[in-house]
Structure formats: C-alpha cells, structure tokens
Amino acid sequence: MIDNINELRTFIVAAQQGSFTKAAAKLGVSTSALSHAIRKLEEQLNIKLFNRTTRSIATTEAGEQLFQNLLPLFESIEDNINALSTFRNTLSGKLRINGNDHAFLCVIWDKLMAFMTRYPEVELELTSDLKFVDIVSGRFDAGIRLGHGLQQDMIAVKIADDMQMGVFATPHYLAQHNAPKALDDLNHHRCICVKIPSMDGVMQWEFMPKGKNRKYNPNQVIKWQPKGQLLLNNSHLVKQAVISGQGLAWIAKNWIYDEIERGELVEVLVDYAVHYDGYYLYYPNRRQDSPLFKALVDCLKMDK
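According to the working numbering, the sequence shown holds residues 590 to 893 in order.
As structure tokens, then:
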C-alpha cells in the first residue's frame with residue numbers, strides 16, 4: 590500500500606523529466622527530498638523504478654510499465670480539475686507539442702497566438718525537431734507531421750493544405766551556372782544539404798516523375814541524394830543559405846513566398862516538384878476527451 594499518493598505524482602514527474610534535478614525544480618522541492626521520495630516508493634513497492642547515472646535517470650522496465658499505466662490516470666485527474674475552469678469561462682493547464690520550424694512558423698503560429706490570447710491561463714511548450722519523434726515516449730501531448738509520416742495508432746486532424754516543395758536558387762547563382770533542366774543536372778550544382786539528427790546522413794530530396802501527378806506517391810517518388818559544401822541542421826539556416834546564393838535548396842514554397850514575390854529566389858525543375866499531404870495534428874486517443882485539448886483542436890483545424 591502506498592503511504593502517500595504524492596509519491597506517485599513525484600515518480601511521474603521524474604519519469605517525464607528524465608532528471609531528478611529538473612523534476613525537483615518543477616515540483617518546487619529539493620533534489621534530495623525528491624530522491625528520498627522515490628527511494629521510499631521503491632522500498633514500498635519492493636522494486637527498482639529508475640536506473641540512475643551521475644547525469645540522468647531512466648525508467649527500468651517495471652518503472653516504464655508503471656509510468657505508462659499511471660500517466661493516463663493522473664492526466665484524467667488533471668483534465669477534470671482543469672475542466673472546472675470552464676465555470677470561469679476559461680481553460681487552464683499545460684500542453685506540450687512537437688513539430689518542426691516550418692509547421693510552427695508558416696502554418697499555425699498565428700492560430701497558436703490566438704489560442705494563447707483566448708486562454709491566458711494555458712501554458713504551451715513547443716519543441717521543434719527535424720527528426721521524427723515518438724510523442725508517447727517523448728511525453729508530448731501532440732505532434733505535428735505531414736500526412737504520409739503519421740503513426741497509424743494516432744488520431745489525426747488536418748490543419749494545413751498540401752505542402753509544395755521545390756528547388757530554388759538566386760538569379761545571380763543561376764546566371765553563373767546553367768539552370769538544371771533535368772534531375773541529372775543536379776549533379777553539376779552546389780546543393781545546400783540538410784542533416785537529419787535521427788539519421789547518419791543527409792536528407793534526400795524527393796521528386797515526382799515529369800508528366801505525372803505531383804501529389805506524393807511512395808510507389809513513384811524519385812529520391813535524390815544531394816551533395817554540397819554546406820551541411821545544415823536548421824531550416825532557418827537553409828533559407829538564409831539559399832538567399833545568400835550558396836547554391837540550390839530543396840525547400841517548402843510557403844517558407845520563401847516573400848522572396849519569390851520579390852524575385853530574390855527562382856524555382857527550377859518545376860515539372861518534377863512534389864506536393865505532400867498537408868500537416869496534421871496527431872495525438873493518442875486518451876487525450877481526445879480533455880476540454881483543453883478539444884479547444885486546441887478546434888483552434889487549429891482547417892475549417893477555422
């Protein structure tokens with residue numbers, strides 16, 4: 590029998606933070622007090638919940654099972670408490686969302702700002718990643734990804750139109766080099782490359798065969814491995830590099846609309862450009878009954 594339910598809450602926060610120090614700061618207690626509470630819980634359960642190193646902690650197999658079973662229960666309690674704020678005509682609580690720079694800045698930024706204005710007691714934590722993240726193991730409430738990259742066991746709500754990709758360069762660069770007319774011509778150009786954190790290599794560029802529907806089709810897509818002097822891991826840097834005339838960049842068109850309109854960037858290989866299914870907000874089904882989460886979905890979905 591657990592003596593104090595707060596010890597379970599302490600365990601959950603520690604598992605989420607992956608650090609006793611961070612968990613203690615979040616709970617407003619000392620690290621030693623938190624560590625003592627975890628040891629007491631382990632003694633009561635007669636099982637080890639965390640593997641500890643000098644710098645971090647990680648749940649054991651038993652600890653992870655306990656965490657996965659307890660988290661929905663505590664979230665339900667938290668959601669029910671937060672739901673009481675509707676009697677004050679507002680909502681409160683915290684939402685952790687994983688996505689990428691492009692999705693946050695070009696697609697939903699204005700809607701998120703409106704959401705925060707509408708619900709000033711809600712705390713949003715946005716984490717931008719190039720790599721694909723398991724939102725469950727990453728302790729996120731929701732993720733934002735393109736339609737073809739969604740996890741199958743998630744609820745998904747479309748929040749953006751199709752995304753148009755293209756190859757772009759400055760007029761000055763193209764004046765100095767022959768503009769590519771076919772995909773093989775890319776081998777003779779400097780390309781701005783993107784490093785994917787979860788992979789040991791460079792992100793491939795994707796195209797659709799000339800004369801085909803531009804909509805992404807995994808059975809027809811042509812993958813091409815770019816090579817260049819510049820290797821970056823941030824979409825802001827890719828945009829800056831192509832504007833600076835460092836070569837060709839494969840980039841989302843709405844990321845550079847202003848530069849296209851001003852004639853600062855020109856698209857090449859238009860007939861091969863690929864269109865992806867738009868961004869979706871995706872989340873586990875245990876979140877769908879939360880009033881706070883319903884408000885977020887209502888804010889971001891496309892019919893707004």
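Every residue, glycine too, gets a C-beta built ideally from N, C-alpha and C.
Determine the direct distance from the alpha carbon of residue j to that of residue i, and round the result to whole angstroms.
| i | j | result |
| --- | --- | --- |
| ILE686 | ALA764 | 43 angstroms |
| CYS782 | LYS828 | 11 angstroms |
| PRO786 | ASN822 | 8 angstroms |
| ALA771 | ARG803 | 16 angstroms |
| ILE556 | ILE594 | Given a span of 590 to 893 for the chain in the structure shown, any question on residue 556 remains unanswerable. |
| GLY617 | GLU631 | 21 angstroms |
| LYS911 | ASP847 | In this structure the chain extends from 590 to 893, so residue 911 is not present and cannot be described. |
| ASN776 | ALA768 | 12 angstroms |
| THR643 | PRO807 | 45 angstroms |
| LYS801 | CYS780 | 25 angstroms |
| LYS747 | TYR762 | 37 angstroms |
| PHE721 | ASN635 | 36 angstroms |
| GLY867 | GLN818 | 31 angstroms |
| VAL831 | CYS888 | 33 angstroms |
| LYS893 | ALA745 | Because LYS893 carries a pLDDT of 47, less than 50, the predicted location of this residue cannot be relied on, and the following value inherits that uncertainty. Cα-Cα distance, rounded: 16 angstroms. |
Whose C-alpha, out of the options, is nearest the C-alpha of residue i?
| i | options | result |
| --- | --- | --- |
| TYR872 | ASP730, GLY817 and LEU885 | ASP730 |
| VAL859 | PRO798, ALA703, ASP847 and LYS700 | PRO798 |
| ALA604 | ASN658, PRO807, GLU850 and LEU684 | ASN658 |
| LEU713 | ALA884, TRP844 and MET891 | ALA884 |
| HIS766 | THR643, THR610, GLY617 and GLY834 | GLY834 |
| SER717 | SER824, ASN874 and PHE609 | SER824 |
| TYR622 | PHE609, LEU634 and LEU684 | Per the sequence shown, residue 622 should be read as Ala rather than Tyr. Closest by alpha carbon: PHE609. |
| MET891 | ALA749, LEU819, LEU820 and ASP774 | ALA749 |
| GLY732 | VAL831, GLY852, ASN689 and ASP878 | ASN689 |
Kindly indicate if chain C contains any beta-carbon less than 7 angstroms away from that of residue i.
| i | result |
| --- | --- |
| GLN793 | The chain inventory of the structure shown lacks chain C, comprising one protein chain alone. |
In its own chain, which residues sit with a C-beta less than 7 angstroms from the C-beta of residue i, not counting the 5 before and 5 after it?
| i | result |
| --- | --- |
| LYS615 | VAL602 and GLN606 |
| GLU850 | none |
| TYR861 | LEU772, PHE796, MET797 and LYS799 |
| MET792 | VAL783 and ILE785 |
| TRP794 | TRP813, PRO815 and TRP839 |
| ILE845 | PHE757, LYS828 and LEU854 |
| TYR708 | THR679, LEU680 and ALA884 |
| LEU660 | ILE601 |
By Cβ distance below 6 angstroms, which residues in the same chain neighbour residue i in space, the five residues on each side in sequence not counted?
| i | result |
| --- | --- |
| ALA865 | The amino acid occupying residue 865 in the given sequence is Tyr; Ala does not appear at that position. Counting only Cβ-Cβ distances below 6 angstroms, and skipping sequence neighbours, we find LEU735, MET752 and TYR805. |
| ASN905 | In the structure as shown, the chain starts at 590 and stops at 893, and residue 905 therefore has no counterpart that could be examined. |
Ignore the nearest five residues each way along the sequence and tell me which others in residue i's own chain have a CB closer than 8 angstroms to its CB.
| i | result |
| --- | --- |
| SER619 | ALA613 |
| ILE670 | none |
| ASN640 | ILE646, ALA647, THR648 and THR649 |
| LEU684 | VAL711, GLU712, LEU713, GLU714, ASP730, ALA731, LEU881, PHE882 and LEU885 |
Practice item. Report yes or no: do three or more beta-carbon pairs, one from the stretch 827-845 and one from the stretch 750-768, lie closer than 8 angstroms? Key: Segments in contact, yes.
Practice item. Kindly confirm or deny that the stretch 658-673 and the stretch 809-820 touch, where touching means at least three C-beta pairs closer than 8 angstroms. Key: Taking a cut-off of 8 angstroms for Cβ pairs, the stretch 658-673 and the stretch 809-820 do not touch, as fewer than three such pairs fall below it.
Review point. Does the count of Cβ pairs from the stretch 689-697 and the stretch 651-660 closer than 8 angstroms reach three?
Key: The stretch 689-697 vs the stretch 651-660: no contact.
Practice item. Please confirm if the stretch 620-639 is in contact with the stretch 591-601, defined as three or more CB-CB distances below 8 angstroms between the two stretches. Key: Yes, the stretch 620-639 touches the stretch 591-601.
Practice item. Run through the stretch 808-861 for me and flag every whole beta strand (DSSP E) of 3 or more residues, listed as ranges in chain order. Key: Runs found: 811-813, 819-821, 838-841 and 855-857.
Point to revise | Contiguous beta strand (DSSP E) assignments of at least 3 residues, all confined to the stretch 628-704 | key: The stretch 628-704 contains these whole beta strand (DSSP E) runs: 639-641, 646-648 and 681-688.
Review point. What residue ranges within the stretch 721-752 form continuous beta strand (DSSP E) runs of no fewer than 3 residues, ordered along the chain?
Key: Counting only runs of 3 or more, we get 731-735 and 744-747.
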